[in-house]
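To start, the structure itself, in structure tokens.
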Amino acid sequence: MELIQPYIGQLTFGGLAGFAVGFAIKTVGRWVAIILGLIFVVVQVLASMGYIAVDWTRIQRDVEPLLQQDQIKGAWDALVRVLTTNLPFGGAFVAGLLLGLRRG
4 MELIQPYIGQ LTFGGLAGFA VGFAIKTVGR WVAIILGLIF VVVQVLASMG YIAVDWTRIQ
64 RDVEPLLQQD QIKGAWDALV RVLTTNLPFG GAFVAGLLLG LRRG
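Reminder that position 50 of the sequence shown reads as 53 in the working numbering, one-by-one numbering, no gaps.
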């Protein structure tokens, strides 16, 4: 117990902060997904009515590089590396973040 006594504050704050961030990301992510879905439906309706013409091939070409698995994994690895620089706080933060994403 004496070994972890100096780190209890960092572990507690890191875990709570991580949980709050994870919960917020999941909640905001839901709303972003709903809004993007509604925008897609509106664009499709307008395109089917002839008001607009959507070049889906160009959109795919422009967006596809942003969604490459390697870039997403690289961004996640960079985030984890930054958050674990101060290991007790960072480790608790990542654990709280994952719990917040799961429970949120």
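Using N, Cα and C, we set each Cβ at its ideal position, and we do this for glycine too.
The C-beta distance from Pro91 to Leu19 rounds to 14 Å, too long to fall under 8 Å, and the pair is not in contact. Under the three-state reduction of DSSP output, Val24 falls in the helix class.
The beta carbon of Phe22 sits closer than 6 Å to the beta carbons of Gly99, Leu102, Gly103 from its chain, once the five residues preceding and following it are set aside; these are given in chain order. Taking C-alpha positions only, Ile38 is separated from Ile11 by approximately 40 Å. Unbroken alpha helix (DSSP H) stretches of 4 residues or longer found wholly inside the stretch 45–103: 59–66, 72–86, given in chain order.
In its own chain, leaving out the 5 sequence neighbours on each side, no residue places its CB closer than 8 Å to the CB of Ile75.
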